[in-house]
Structure formats: C-alpha cells, structure tokens
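See structure below.
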Amino acid sequence: MASLVESGWQYLVTHFSDFQLACIGSFLLHESVFFLSGLPFIYLERQGFLTKYKIQAKNNTPAAQEKCITRLLLYHFCVNLPLMMASYPVFRAMGMRSSFPLPSWKEVSAQILFYFIIEDFVFYWGHRILHTKWLYKTVHSVHHEYATPFGLTSEYAHPAEILFLGFATIVGPALTGPHLITLWLWMVLRVLETVEAHCGYHFPWSLSNFLPLYGGSDFHDYHHRLLYTKSGNYSSTFVYMDWIFGTDKGYRRLKSLKENSDLKQT
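Read in order, the letters of the sequence shown correspond to residues 1 to 266 in full-length UniProt numbering.
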C-alpha cells in the first residue's frame, strides 16, 4: 500500500507544479468528494428509499435541491477556488510541502486529530456568534434556508460564512505546515464528516452510534429544526464543546424524552 501511494505521488509531483497540486488539485479533490458523497442523499430522498432511517418526515422539493446545487457551483468556483489560490503563499510560508519523503502515518494521524480538535473549537465559537440576531439575519440565515438538510446543504452558505468556514478548516494546517498529502486527507475527512452531519439520515452504521463524542447527523439535524435563538448544538464534529457550555441541553432533553417514550412502548 505504501509503495502504491508513493508511486502515485511520484507521478503527481513529476507532472504538476506545487501550485497546481495545492490549488487546482485540492479544488478538484474537494469537488469530487463533496458531490460524490452528497448527491446520493438527493436520490434517496427523491426515491423514498431508506425512509425508516430519515430523521425528518419532510422532504425537499426537486426545485429546492436544484437551487442548492446551482448556488453551490457558483460559490465553489467564485469563492472557494479563489480562496484556495490566495491561500497558497500562506501555506508555503507556513512550511507546506509536496516533496518526498512522505510523512509517516503516525505524523499524519497526529496532525489530523489536532486539526479536528482546533477546527471544532474555532467552529463552535464562530458558529455560536453567527446565531446572534444581526449576523443570523444578515449571513447565517442563508445556510438555514434548509430546515430539512441533505448532504449538499453542508456547504450552502453566504459567501462571508464560506470564508469563515475556510478559516476554521485551514487554521490547524496553517499552524503545523503539513505535507500536502496530509492536507488532502484532512480535507477529504472534513468533507465526509460535514456531508454526513447534514445528510438527514441516521443509519445503524452512523459513526455517532460508535464514537461517544461524535455528533453526526442526528445531533446537527436538531440544530436545523429549531429557531436560531434556541437551536444550540453549535459544534461541527464533536459534542464536548456544547456539553461544556450547556448549549446542547434542549437536544439532550428531547433525546431523553424520546428514549423514555420508546421504552414505554416496548
């Protein structure tokens, strides 16, 4: 496996410049992972498959789904791509590299764990601020147009919020100056996590059923269903920030009531 990764990486660094890999390559990788992981949830919703795992009974209309896709393509090409290109000098200055030797799996794992932790911290506070009255009305309400989220709505947001999300995602790598392959893996995992959190389905195989601190779709779906002043559940990946600051009390209360109701019915 290691030799296969090294061979593939050798091909990339031989045929493309650092700028092409870091900017165009990162953009293409992001688009591929994002749409390939998010589009199946539109199909599931339209066809009514796996409805027993759907968190909300309500479905989005095809027109609403198409609006989301159209806006996403506009945002990605007009905001995300320029942001990636503008960030290149910063990452070079911070020590990002694409050359050999490739980092060890221990180094990659440690860095990505750090990125998840720092991203969650930054995201929590930024997200909570976005739910203040003026910022919600002016910026964050765009993301909350979809009270019944599906995978692709994870990145449906006001351009100003996209810039904030980009900062929360890159602050960890900017502090450590990672190898590009680490950055790519981090980006893939972050995209998959946020798509899953917005997918609208809670499956038996969802990570939140196995990882105690992982939020997942059920945790974040609650955030979309409630009014902005009462929603809580502001974290992106884990749940401990909401637990520490008490912004998940409504969700925990509802979950406890549901569990007690299920026990009475059995």
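A virtual CB, placed ideally from N, CA and C, is assigned to each residue, including glycine.
None of these values were measured; they are calculated from a predicted model.
Short of 8 Å in beta carbon distance, which residues of its chain neighbour LYS230, apart from the five on each side in sequence? Order them along the chain. Residue mapping note: residue 230 aligns to position 230 of the sequence shown, counting from 1. Hits under 8 Å: GLY250.
ASN80 beta carbon less than 9 Å from that of THR148: Counting from one through the sequence shown, the residue named residue 148 turns up at place 148. Counting from one through the sequence shown, the residue named residue 80 turns up at place 80. Against a cut-off of 9 Å, the Cβ pair of ASN80 and THR148 comes out as no contact.
At what residue ranges does the region 43–95 contain a whole run of the alpha helix (DSSP H), taking only runs of 4 or more? Segments of the alpha helix (DSSP H) lying fully in the region 43–95: 62–75 and 81–94.
Beta-carbon proximity check, SER191 vs HIS76, cutoff 9 Å: Taking the sequence shown and counting its residues from 1, one reaches residue 191 at position 191. Taking the sequence shown and counting its residues from 1, one reaches residue 76 at position 76. The displayed chain sequence assigns Val, not Ser, to residue 191. Going by C-beta atoms, VAL191 is not nearer than 9 Å to HIS76.
7 Å CB neighbourhood of GLN137 in its chain, flanking five on each side removed: If you number the sequence shown from 1, residue 137 lands on position 137. The sequence shown places Lys at residue 137, not Gln. Within its own chain, no residue has a Cβ closer than 7 Å to the Cβ of LYS137 once the five positions on either side in sequence are excluded.
Please list, in chain order, all residues of the same chain as LEU185 whose beta carbon is under 7 Å from its beta carbon, the five residues on each side excluded. Here the question's residue 185 lines up with position 185 in the sequence shown. Counting only Cβ-Cβ distances below 7 Å, and skipping sequence neighbours, we find VAL108 and ILE112.
Below 8 Å, how does it come out for the region 46–62 and the region 128–142: are there three or more Cβ pairs, yes or no? The answer is no - the region 128–142 does not touch the region 46–62, with fewer than three Cβ pairs under 8 Å.
Taking buried to mean at least 16 other C-beta atoms within 10 Å of its own C-beta, is GLU66 buried or exposed? The sequence position of residue 66 within the sequence shown is 66, counting from 1. Its Cβ having fewer than 16 others within 10 Å, GLU66 is exposed.
Measure the alpha-carbon distance for ASP248 versus GLU6 and round it to whole angstroms. Against the sequence shown, residue 248 aligns to sequence position 248. Against the sequence shown, residue 6 aligns to sequence position 6. Their Cα atoms are separated by approximately 44 Å.
Our contact map puts TYR214 next to PHE41 with C-beta atoms below 8 Å; I'd like the distance itself, whole angstroms only. As a first step, residue 214 is located in the sequence shown; it is residue number 214 there, counting from the start. As a first step, residue 41 is located in the sequence shown; it is residue number 41 there, counting from the start. Under the criterion of beta carbons closer than 8 Å, TYR214 and PHE41 do not qualify as touching, at roughly 19 Å.
Closer than 7 Å by C-beta to CYS199: which residues in its own chain qualify, once you throw out the five before and the five after it? Chain order, please. Here residue 199 refers to the residue found at position 199 of the sequence shown. If we look at CYS199 and ignore the five residues flanking it on each side, its Cβ neighbours are PHE41, PHE150, GLY151 and SER217.
Give the secondary structure of PHE19 by DSSP, where H, G and I count as helix, E and B as strand, and everything else as coil. For the purposes of this step, residue 19 is taken as the residue at position 19 of the sequence shown. Of the three classes helix, strand and coil, the one that applies to PHE19 here is helix, per DSSP.
Of the choices GLY166, ILE129 and SER104, whose alpha-carbon is the least far from that of residue 267? Since the first and last residues shown for the chain are 1 and 266, residue 267 lies out of range.
Tell me which residue opens and which closes the alpha helix (DSSP H) that HIS144 is part of. For the purposes of this step, residue 144 is taken as the residue at position 144 of the sequence shown. Neither: HIS144 is in no alpha helix (DSSP H) and is coded neither H nor E.
By Cβ distance, which residues of its chain are closer than 6 Å to SER26, with the 5 residues on each side in sequence left out? Start at 1 with the first residue of the sequence shown, and residue 26 comes out as number 26. Answer for SER26: MET84, listed in chain order.
Return yes when the Cβ of HIS179 is within less than 9 Å of the Cβ of ALA157, no when it is not. Locating residue 157 in the sequence shown gives position 157, counting from the first residue. Locating residue 179 in the sequence shown gives position 179, counting from the first residue. No. Outside cutoff.
Which of helix, strand or coil DSSP assigns to TYR156: Along the sequence shown, one-based indexing puts residue 156 at 156. In the structure shown, TYR156 falls within a coil segment according to DSSP collapsed to helix, strand and coil.
Let me know the secondary structure DSSP gives TYR201 once reduced to three states. Against the sequence shown, residue 201 aligns to sequence position 201. Correct three-state label for TYR201: strand.
Relative to the alpha-carbon of ILE181, which residue among GLY126, PRO103, ILE244 and LEU189 has its alpha-carbon at the smallest distance? Locating residue 181 in the sequence shown gives position 181, where the first residue counts as 1. The candidate whose alpha carbon is nearest that of ILE181 is PRO103.
For SER154, which residues in the same chain have their Cβ closer than 6 Å to its Cβ, ignoring the five residues on either side in sequence? Looking up residue 154 in the sequence shown gives position 154. THR194, VAL195 and HIS198.
Can you tell me which of the three DSSP states PHE114 falls into? What you label residue 114 is simply residue 114 of the sequence shown in a count that begins at 1. DSSP places PHE114 in helix when its eight states are reduced to three.
Taking its Cβ as the centre, do 16 or more other Cβ atoms sit within 10 Å of LEU28, making it buried, or is it exposed? Here residue 28 corresponds to residue number 28 of the sequence shown, with the count starting at 1. Looking at its Cβ environment, which holds fewer than 16 other Cβ atoms inside 10 Å, LEU28 is exposed.
Quick one: give me the first and last residue of the alpha helix (DSSP H) that SER231 is part of. Residue mapping note: residue 231 aligns to position 231 of the sequence shown, counting from 1. Premise fails: SER231 is in no alpha helix (DSSP H) and is neither H nor E.
Could you please give the first and the last residue of the uninterrupted alpha helix (DSSP H) stretch that includes ARG225? Here residue 225 refers to the residue found at position 225 when the sequence shown is read from its first residue. ARG225 -> alpha helix (DSSP H) spans 216–225.
Any idea if HIS15 is buried or exposed, counting beta-carbon neighbours within 10 angstroms, 16 or more meaning buried? The residue given as residue 15 occupies position 15 in the sequence shown. That one is exposed.
In the structure shown, what three-state DSSP assignment does HIS131 receive? The residue you call residue 131 lines up with position 131 of the sequence shown. Under the three-state reduction of DSSP output, HIS131 falls in the coil class, being neither helix nor strand.
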